[in-house]
Structures are given as C-alpha cells and as structure tokens.
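If you want the numbering used here, it's the 1-based position in the sequence shown plus 57. Right, one structure below, let's go through it.
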Amino acid sequence: MDNENKRKFERHQIRTAILVDGGFYRKRAKALWGNKTPAERANELNDYCYKHLQDKYENRYLYRVFYYDCPPIGKNIYNPITQKTTSLEATPEYSWMTEFLKELKHHRKFALRMGRINDTQVQYSLKPDPTKKLLRGDINLTDITLSDLQLNIEQKGVDMRIGVDISSLVFKHQVTQIILISGDSDFVPAAKQARREGIDFILDPMRSTIKDDLFEHIDGIRTPTLYRKKQEELK
Numbered sequence: 058m059d060n061e062n063k064r065k066f067e068r069h070q071i072r073t074a075i076l077v078d079g080g081f082y083r084k085r086a087k088a089l090w091g092n093k094t095p096a097e098r099a100n101e102l103n104d105y106c107y108k109h110l111q112d113k114y115e116n117r118y119l120y121r122v123f124y125y126d127c128p129p130i131g132k133n134i135y136n137p138i139t140q141k142t143t144s145l146e147a148t149p150e151y152s153w154m155t156e157f158l159k160e161l162k163h164h165r166k167f168a169l170r171m172g173r174i175n176d177t178q179v180q181y182s183l184k185p186d187p188t189k190k191l192l193r194g195d196i197n198l199t200d201i202t203l204s205d206l207q208l209n210i211e212q213k214g215v216d217m218r219i220g221v222d223i224s225s226l227v228f229k230h231q232v233t234q235i236i237l238i239s240g241d242s243d244f245v246p247a248a249k250q251a252r253r254e255g256i257d258f259i260l261d262p263m264r265s266t267i268k269d270d271l272f273e274h275i276d277g278i279r280t281p282t283l284y285r286k287k288q289e290e291l292k
C-alpha cells in the first residue's frame, strides 16, 4: 500500500447524517445565490450536502439527508389591498414549493420530514418598513400597495421532528456524526444530548450570525463553499 492510500485508510471513518432546516435553507440560499427554479434549487441543495462530506481528516460516509419543511398551503385568504379572497393554491409560490419538494424526492438518500402550516395564523400583514413610514406620517393608507404586504406563515412540527430524529439517530447508534444546517437555537437540547452520547455535532449556519452561547453546545461550525466565485464576491 503506497503512502497516499495508507494515509487515506488511516483517516477516521465517519458515518454522517445531514439534517436540513428547509425554511432556513431556502431563505439563506436565496440570499446567497439568488432565485432558482425548483429543480435548480433541489440540485443545489444536493450538491451543498455532499460538499459537507469532503473533509481533510475524516472519511465521511453519508447515512442520509433529512430535510424538514412544510408543504404549501392552498387556503383561501382575504387580501386587504384588493379586498378580495384569493386562493394561495393559485400563486406562483405554491407551484414552486410543490415542485421543489417533488424534485427533492428524486434525490438519492434524501428523506423528507414534513410538518404543517398553522392555517389559523395565515394572514397578510404590513412589512416593517412601510409600517414605520405610515406611523411617521410619511405615507398614507392609500399609498399602501401589494408589495408592502407580507404573508405570515407559521410552521408547526418541524423543530419537534428535528429533535426526535436526532434522538433516534443517537440512541440507535446509526451515525457517529450529525451536521445540522440551521440557524435556530431550538436545537440546543438535542445537540447537548447527542454530544453526551459521543456524537460529533456540527452546525452549518450558512454564514448567518448565531448567538455566542451556542458555541459551547456544538463541536464545530462549518459552511462549505459551493460557488467559489460567488462566495468571494460576498467577502
């Protein structure tokens, strides 16, 4: 065995599970790499996850990618600008999300964990910037347009599923490493439990800022470079 193969063989053998907070990923991916078609975004996520398997000191083998999100809601909702009730199922956002989830199912080793949208809390509200302008008297109610509104959507069951899967992976000894793509602090109790059981727990916040006290509950932070030229422009 030559020296290069010997060094490769001697590297730590790691079985890795990658957990993706879907709502967080979609928001950060759009900010980092712009709008994409459902197929393009799904392929991008697949490539991004496999980037995490490339490591200088470890041979990482993918156990599975767990993707957590909610299917789009097709509820009829009142629009205060048009003063009409419209179906969210007829919106481009509904079609995009439906196709995106369908595309993810075609990728090998991807497991989708679906929560649900709290349909009682889906409503339009005024965005922060026009709200400030309205309160200052810079604009009037008649100046408000559709672009000044945002649709409030509350996910239910996503954080719970992430926690349950982390516990299951740990206590069934299915993996030796967990990589969580998220910027949420709700995962801390599950991360602490995983680390107590000897699991290497890595967080990928995708270049977003996280709280200082989170560092003590994880084994490292890593955000891989997917598009080198774009990443250099962001520095």
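Each residue gets a CB set at the ideal place from its N, CA and C atoms; glycine is no exception. Just so it is clear, the structure is predicted and the values come from calculations on it, not from any experiment.
Under the Cβ criterion (8 Å, minimum of three pairs), the region 250-259 does not count as touching the region 86-96. Beta-bridge analysis with DSSP links Val245 to no other residue. In the DSSP assignment, Lys141 falls within the beta strand (DSSP E) that extends over Lys141 to Ser144. The C-alpha of Gln212 lies about 7 Å from the C-alpha of Gly172. The secondary-structure analysis by DSSP pairs Ala74 across a beta bridge with Arg121 and Ile235. Sequence-distant Cβ neighbours of Lys184 in its own chain, meaning closer than 6 Å and more than five residues away, are Asp205 and Gln207.
Ranked by Cα distance from Ile278, the first of Lys229, Tyr124 and Ile236 is Ile236. About 7 Å separates the beta carbon of Val122 from that of Ala168, a gap short enough to meet the 8 Å contact definition. With respect to the 7 Å criterion, Glu115 and His69 are classified as neighbours on the basis of their beta carbons. By the Cβ test, the region 185-199 is not in contact with the region 122-135, since fewer than three Cβ pairs between them sit closer than 8 Å.
Closest option to Ser144, judged by alpha-carbon separation, among Pro246, Ile134, Trp153 and Ser152: Ile134. Of Tyr151, His274, Thr266 and His230, the smallest CA-CA separation from Thr73 is found for His230. Between Asp216 and Asp176, the C-beta spacing is not below 7 Å. For Asp104, there is no enclosing beta strand (DSSP E); the enclosing alpha helix (DSSP H) has its first and last residue at Pro95 to Lys108. Take His164, set aside five residues on each side of it, and the residues of its chain with a beta-carbon closer than 7 Å to its own are Ala99 and Asn103, in chain order. Just measuring C-alpha positions, the residue of Ile201, Ser182, Ile223 and Gln234 sitting nearest Asn209 is Ser182. In this structure, the beta-carbon distance from Arg170 to Arg218 falls below 7 Å. Per DSSP, the beta-bridge partners of His69 are Glu115. When Leu226, Thr280, Thr139 and Ala96 are compared, the shortest CA-CA separation from Lys162 is found for Ala96.
Taking all protein chains shown into account, Arg193 has fewer than 16 neighbouring C-beta atoms within 10 Å of its C-beta and is therefore exposed. With 16 or more other CB atoms across the displayed protein chains lying within 10 angstroms of its CB, Ser239 is buried. Counting along the chain, Ser182 sits inside the beta strand (DSSP E) bounded by residues Gln180 to Leu183. According to the DSSP secondary-structure assignment, Gly277 is paired through a beta bridge with Ile259. Close CB contacts of Leu260 within its chain, under the 6 Å cut and outside five residues either way in sequence, are with Leu237, Ile275 and Ile278 (chain order). For Leu161, the uninterrupted alpha helix (DSSP H) run begins and ends at Pro149 to Leu161, by DSSP.
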